[in-house]
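Protein chains in written order, with numbering that gives the first Met the number 0: chain A, 0 to 576; chain B, 0 to 576; chain C, 0 to 290; chain D, 0 to 290. Just so you know, even glycine gets a beta-carbon here, dropped at the ideal spot from N, CA and C.
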Amino acid sequence: MSKTEVVLRVAGAAGDGIASSGEAFAKICSRSGLHLLAYNSYQSVIRGGFIWLQIRASHEKVFTHGNKVDFLIALNQREFERNCVDIVPGGAILYNSDKIKPNKDKINENIILCPLPVGQIIKDIGRNPILQNTVALGALIKLLDLDFENMANVIRDYFGKKKQTAMEVNLQVSKAGYDYADKNLPQFDFKLETDLDNKRPVLTGNQALSLGSISAGCKFYAAYPMTPASSILHWLSAHSIQTGMVVKQAEDEISVINMAIGASFAGARSMVGTSGGGFSLMTEAIGLAGQTETPLVIINSMRGGPSTGLPTKTEQADLFQAIGASQGDFPKVIIAPSTVEDCYYSTIEAFNLADKYQLPVILLSDLFLSEHMESVDSFNFDAIIDRGEIVTHKPSDNAYRRYKFTPTGVSPRAFPGTSGTIFQATSDEHDDFGNVISDVFTDPEMRTKIMDKRMKKMDFVKKDLPIPKLYGTDDAKLTLVSWGSTFNVIRESMHFFSQENLPINHLHIKYLAPFQSGIQKILETSNDTLIIEGNFTGQLSKLITMETGFKINHTLFKYDGEPFYTEEIIDKVRDII
Amino acid sequence: MSKTEVVLRVAGAAGDGIASSGEAFAKICSRSGLHLLAYNSYQSVIRGGFIWLQIRASHEKVFTHGNKVDFLIALNQREFERNCVDIVPGGAILYNSDKIKPNKDKINENIILCPLPVGQIIKDIGRNPILQNTVALGALIKLLDLDFENMANVIRDYFGKKKQTAMEVNLQVSKAGYDYADKNLPQFDFKLETDLDNKRPVLTGNQALSLGSISAGCKFYAAYPMTPASSILHWLSAHSIQTGMVVKQAEDEISVINMAIGASFAGARSMVGTSGGGFSLMTEAIGLAGQTETPLVIINSMRGGPSTGLPTKTEQADLFQAIGASQGDFPKVIIAPSTVEDCYYSTIEAFNLADKYQLPVILLSDLFLSEHMESVDSFNFDAIIDRGEIVTHKPSDNAYRRYKFTPTGVSPRAFPGTSGTIFQATSDEHDDFGNVISDVFTDPEMRTKIMDKRMKKMDFVKKDLPIPKLYGTDDAKLTLVSWGSTFNVIRESMHFFSQENLPINHLHIKYLAPFQSGIQKILETSNDTLIIEGNFTGQLSKLITMETGFKINHTLFKYDGEPFYTEEIIDKVRDII
Amino acid sequence: METESKKISDYKTNTTPTWCPGCGDFAVLRGVLSALTELQINSKDVVVVSGIGCSSNITGFINSYGFHGLHGRAVPVASGIRFGNHNLKVIATGGDGDGYGIGLGHFIHAMRRNIDLTYIVMNNQVYGLTTGQASPTSDKGMLTKSTPTGSLEVPVNPIALGLISGATYISRGFSGDPSHLAMITKNALTHKGFSLVDVLSPCVTYNKIQTYEWFRERVYKLEDEKHNTRNLDSAIKKAHEWDVKIPIGVFYEANQATYEDDDPGLKNGPLVEQPLDNTGNMSKEIMKEFI
Amino acid sequence: METESKKISDYKTNTTPTWCPGCGDFAVLRGVLSALTELQINSKDVVVVSGIGCSSNITGFINSYGFHGLHGRAVPVASGIRFGNHNLKVIATGGDGDGYGIGLGHFIHAMRRNIDLTYIVMNNQVYGLTTGQASPTSDKGMLTKSTPTGSLEVPVNPIALGLISGATYISRGFSGDPSHLAMITKNALTHKGFSLVDVLSPCVTYNKIQTYEWFRERVYKLEDEKHNTRNLDSAIKKAHEWDVKIPIGVFYEANQATYEDDDPGLKNGPLVEQPLDNTGNMSKEIMKEFI
Ligand SMILES: Cc1ncc(C[n+]2csc(CCOP(=O)(O)OP(=O)(O)O)c2C)c(N)n1
Ligand SMILES: Cc1ncc(C[n+]2csc(CCOP(=O)(O)OP(=O)(O)O)c2C)c(N)n1
Ligand code: SF4
Ligand code: SF4
Ligand SMILES: [Mg+2]
Ligand SMILES: [Mg+2]
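Here it is, written out as structure tokens:
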């Protein structure tokens, strides 16, 4: 049976152009109607290191980048040797045979060598060492029997009109690689079931999130560069003229969040993005947003901690940092998107909750989710923007109470410049007008009332949240519990379980604060439970116990910086049942 | 029966010298062998506001400042009127009758007016308006039948030799007040059972904590001013020449904690102090201390939040901030001292745990605990300093592994300058030598090993903690659960319950992280439970559920900025049983 | 109604200032109020931003929008408000600890941007609200609660920092000369770009050295010396005078494009006024890039 | 053993630097190594502190104690190490983003203290490790990933900031002239007080404007112009040169008491060496105050 899916890995060093090769291959696939998922494994270094990018493509929706490789494009000798162990029997290595000399003893005999004499293939077309990637990609397209014209178009789009020469060089080189493969390399039995009429978008979590912010009407994005959130800054900057969004890199994360609070106070939807270290610096101002009831969306894309930790690796260990962000009790919402698609919708939801309830909303993403590419069906672009209750005219009693006591705790907001709505927003405790009460006069009664008012909003946010969803059969022997970016890999495992007729179901928790009401019941009626988390202490597990008293029975924690693999989940589940 | 305890309140505006009058009275009492507790209620303003200081003194240990006042010294008309409602029948108001004109209608007839014609009393002795306080205090000493010489000595000590004139003026004025009361004011039936040979120390929580840091051998204290931690900075600064401690006010809390980490890395025991807002700014570096395994003691004296909140009011709402401080999972200890005495010992314990396990230790105090004065029996000054395992000589294998894998996870430390121990401390993930592994090479196995090593330390800290103590009868109908500064007020309530033969006991939780092992059992064997906390969300209650799955049944939360009163606890308990 | 001429009382709130009697900050408040009155700015178009400190309480006493934020962060919030709505007149305020201590980085970086806002710093060389510790402008040797043996640090020179960091209106006032202070405040408010008004504003409670008298013996007006406010070099020289003679007035001013002028995102008017009805289509269009 | 003369290789670790080939930071490393060698400082008495950035990786390549801390916080940690043990030679290092961006406040406040440490900033006008955003020293108009339409901020001038903030040795080196760089590094290390070495250290990957060539066309040595390093005024003038002519060398030096000289707490030698056997008695004595 010919294979209907393929896993490609491109391995080399930082600076070898791996990302663009990967992106090109991804586009070729997705424009052929294939689904795909790609993950980039790299280190905190600009040149060198051990880098690879792996793409899995199939006509069915792909949930992980896979664990085994069909084709390896090795860009240097070292990576050739390191990576060849991950190739499936019958798989192949494409490599520049001018530079790389395979040590046959170390290579499994089932693996097919596809040497590419790059010098000879491209002859005088160009000299850039990165061209070896183009040769290999061209060859691969042939080996997979994909449409060359598709590749040519991807190259045309990538270089655009401005880099005409580079474009032409790459076109020729890729064709040379394609032709070389045609004549000199063995055939492989792949049938990728392409559909050239069904072109799919491919994007990363950060891109989906950025796009979500545009749909949500975000007008101000402030950030300080930090992996894995930086690509939001880059992408939004590059699109700012088109979108009319002001994108500001400030001097540090403290300035970032205070600026965004200022812009939001002035009435512009505002967002900030960072990772754990920068989030630490933002915590004081998260309380400020809570206390002044200024809407704000805060992205924390988690990476391996503690401290600087593993800057280019993934982890889910900032949940309690988000829960504990800033002193005192105040309302704040924490949402963890699960997939690239979910990044888009969660961002819009975050903006709407932030505005409707006038509070900070924290989006907890992670490096894997932020940076991996995934094909999606197109999004729903009929974004519903809910800016909450806004006072646009002078109040009739001429006494605007910015923090008016209301049944929901939500007090209609006014933007500065609105007639008759002058008020003070203060980080000090205040009364319903916004006047400070910590100053000459401390008023325990007013203090209690205004605390109650603010906190009441959380009850209503909770009511707004959807009912938690249980995936799979109702009467399972084991319920998997998870949050964030592990959704996809568990979904793939679930697929396996259902094929094997194993009665497993899956509870994925998206809303961390407030905590959804239905979860306790689901857990208490489950037969057995397994929590799957990318951290050491089991942060969601702890949160669940805290919110429900329920203790999850089995645990699968991973904190080595790598995303979960399907096999790990399947093995664990097999151990239990 | 004559009264054996007295409650004095001095009420006026900021800048009226209330604190020094209060301190003077406290010293007069404590040098008379009395116990006492004093609390200062003030606002975030330098002049004006509604300020009072209340002292309760008795020959028995005093646990609260009381709710009703025997003597009010009112320093202005407004405070006269506001405070007279809190006076017990038979109690009295002392006031400067030159300035204050009582509105008789508003004063309960059981309250005795003690007008002091200050102008006439002090005639030409002095002109400082603050002298009215001294007159009143002199009069009060007479009314309470306390030893005038004791007062004179307190005045002598306060002004010292340097302010000879001021001292003499005050001596004369106080004597004039005393004599005036003798001749003109009614007698009161107080028998305070003094014992002039048993002089007790009186100090605040912050002073006890500072003293503890001296005993512990702290050599570097860094801070940025912030109520209610500032008084540690002031007190330690004032004593730095005597103690040889370097006390540094830095430019912000970020610099504060990074400096302290530097000093600790160099080998000096180091401490920092702040409140919630400053703590927010420190969180990033708390992770740095955790990751580099640098010992550090961090004081967070909590005040009313969120954000700037109620800067001069008390609250216990930073527990989750401490738990969630900094991204990722890493070992950190959180201890909440309960009384002034406990502040002393907890600080020493914090330094020892920090050094022994090479981690950050957070001391969670609060405004009430930090600032209230309490009489204590003297402390045990035989401080045991445990600096943990320190390498002082070149290792025999000439390969110093700073983060050596050991059964406890604790790796012997070396201070820079020690022969043969050169190493790197890095916030990036590293191997056992301290070499970065996030850089060229990410090593999931080493990462897992070093995470395990660091986290293992928490298991051993946990073993070091004392067994949790249950106060009161074993088979109670209701178990009160609390943390931090509510200990004393609950102890007073417990006294009441035992007098009333109500079967109540009390579990006070001092160690928040790691969580002590015995607590779950105590709670699970209790008949019913009531949590008493000074916050909105019940942070300890949540932590207990998280750590044990146990849900506490009844709650008494207070978040108006005021400390708990005994009556509130008694009423709540009565409601329940 | 709104076109009637506004009186100084229209710019005051009902809250009585909580400062100690004699505090220099009263004059700063008066300066702002009279500048607003002279300029007849509409209250609803003004936002006063502050940090935390005695001085930062000023927001409560001015009848305009107020944002009384975090210690040290007034300038980023003020900048953000300008980003959100650059039709607003934004005045950042605060103390020396707030602006030149914990907030020093923001202060300098904001000047580099020449954002069009006015920053008024009530510089009393001490931390007032926290009851008298050394501040970044405390003189070397000053005895305070936190430096009982004398501060060991060279004071921050905000004027000089402004001069080398890109601010385009750099001035100093003195609370002991309220009309002069009101005048430079007014000019700062009309200046386009980042304007700094550093005010010698005595703390009568905690600073027993830099009193009104101390300053009165030393201050002189730059305009009386015919100082050329367009000359950076002589401004820097003037910025270094202290101790013996202390200049007040405008050190430097320049006409330069502001950040708001140059940021392409602000070309279509204030962000708060941008329509939100086409955002989905915008995304839909951009989505094509991903195909 | 320890008294034998040390070679440059004794100051190197086994770790191969991870910088891109051609990165300016190699020359800075070489400068430090050769300065240490010339001064024959004992490795065990040196601590190199850094923040986060390509440049901050330098700690891993020098055979001394290293503290590779948080982004922007090298200077506070370095200051703290001096407080803990002022017998150590402390070298703070890092990038322009680290030191002049997020760490700008600490940088200035540390200079005000004249703490005796050397701060070497590898200034490449860009954020290297985060793959090429604008930095605080990026020229106005520079196109980067975060400023695709050009940076709108006046660059930070670290030399000028040093001159007005109390640093006592202020210099600039250029990675394209390694022996000159090694020389000023050595002098900085022997200087008593806060010494700044700002290094023009090209990022060959992300800064395509300020390349070695760009600098070579512009740099000249202050010593060649007989610049008087004791004259603050002319130092300030020199600090403002850029674009056309860029001075390297020592702008300013002064002999001044350091913080460590003046802090009474350090009079008895390093804190780490203070005995801990009498602390209880000390408290007991102080306890009397409370009676
Ligand atoms: C993060 C943080 N740290 C510390 C404080 C405490 N604090 C409040 S005001 C202040 C200093 C005030 O000094 P300054 O800015 O000079 O204002 P002034 O009171 O002198 O007008 C400090 C340190 C705080 N509110 N927040
Ligand atoms: C609090 C925080 N914010 C952001 C980052 C991400 N970060 C790492 S290095 C860096 C900038 C590096 O630039 P620079 O200091 O100039 O050093 P270079 O790489 O150019 O040598 C940033 C923003 C971080 N580590 N910590
Ligand atoms: S303490 Fe000083 S700054 Fe604060 S209000 Fe009083 S005089 Fe003004
Ligand atoms: S990215 Fe730039 S600064 Fe970083 S190592 Fe490469 S050349 Fe050097
Ligand atoms: Mg001040
Ligand atoms: Mg740089």
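With 16 other Cβ atoms within 10 Å as the buried cut-off, status of residue i
i: Trp18 (chain C); result: buried
i: Ile389 (chain A); result: exposed
i: Lys266 (chain C); result: exposed
i: Glu4 (chain B); result: buried
Inter-residue Cα distance where the pair is residue i and residue j
i: Asp442 (chain A); j: Asn39 (chain B); result: 16 Å
i: Val46 (chain C); j: Ala262 (chain A); result: 12 Å
i: Ser437 (chain B); j: Gly276 (chain A); result: 16 Å
i: Pro465 (chain B); j: Ile508 (chain B); result: 11 Å
i: Met291 (chain D); j: Leu199 (chain D); result: Missing from the structure shown is residue 291 (chain D); chain D here goes from 0 to 290 and no further.
i: Gly216 (chain B); j: Asp328 (chain B); result: 29 Å
i: Ala73 (chain C); j: Ile235 (chain D); result: 30 Å
i: Val246 (chain B); j: Gly533 (chain A); result: 41 Å
Proximity test, residue i beta-carbon vs ligand 5 heavy atom, cut-off 7 Å
i: Ser300 (chain C); result: As displayed, chain C neither begins before 0 nor continues past 290, which places residue 300 (chain C) out of reach and without an answer.
Contact with chain C by residue i, beta-carbon distance below 8 Å
i: Met281 (chain D); result: no
i: Gln423 (chain A); result: yes
i: His238 (chain A); result: yes
Cβ-heavy atom distance, residue i to ligand 1, below 7 Å
i: Thr363 (chain C); result: Since the displayed chain C opens at 0 and closes at 290, residue 363 (chain C) lies outside it and no answer follows.
i: Glu252 (chain B); result: yes
Beta carbon proximity, residue i to chain D, threshold 8 Å
i: Gly47 (chain A); result: yes
i: Met244 (chain B); result: yes
i: Ser164 (chain C); result: yes
Cβ of residue i within 8 Å of any chain A Cβ
i: Gly52 (chain C); result: no
i: Tyr558 (chain B); result: yes
i: Tyr211 (chain D); result: no
Residue i: CB within 7 Å of a non-hydrogen atom of ligand 4
i: Gly127 (chain D); result: yes
i: Asp291 (chain D); result: In the structure displayed, chain D extends from 0 to 290; residue 291 (chain D) sits before or after that span and is not available.
Chain B within 8 Å of residue i, Cβ atoms only
i: Pro20 (chain C); result: yes
i: Ser437 (chain A); result: yes
i: Met454 (chain A); result: yes
i: Asp328 (chain A); result: yes
Endpoints, the beta strand (DSSP E) within which residue i is located
i: Arg8 (chain A); result: 4–13
i: Ile347 (chain B); result: Ile347 (chain B) -> not in any beta strand (DSSP E); alpha helix (DSSP H) instead, spanning 339–356.
Ligand 3 heavy atom lying under 7 Å from the CB of residue i
i: Asn123 (chain C); result: yes
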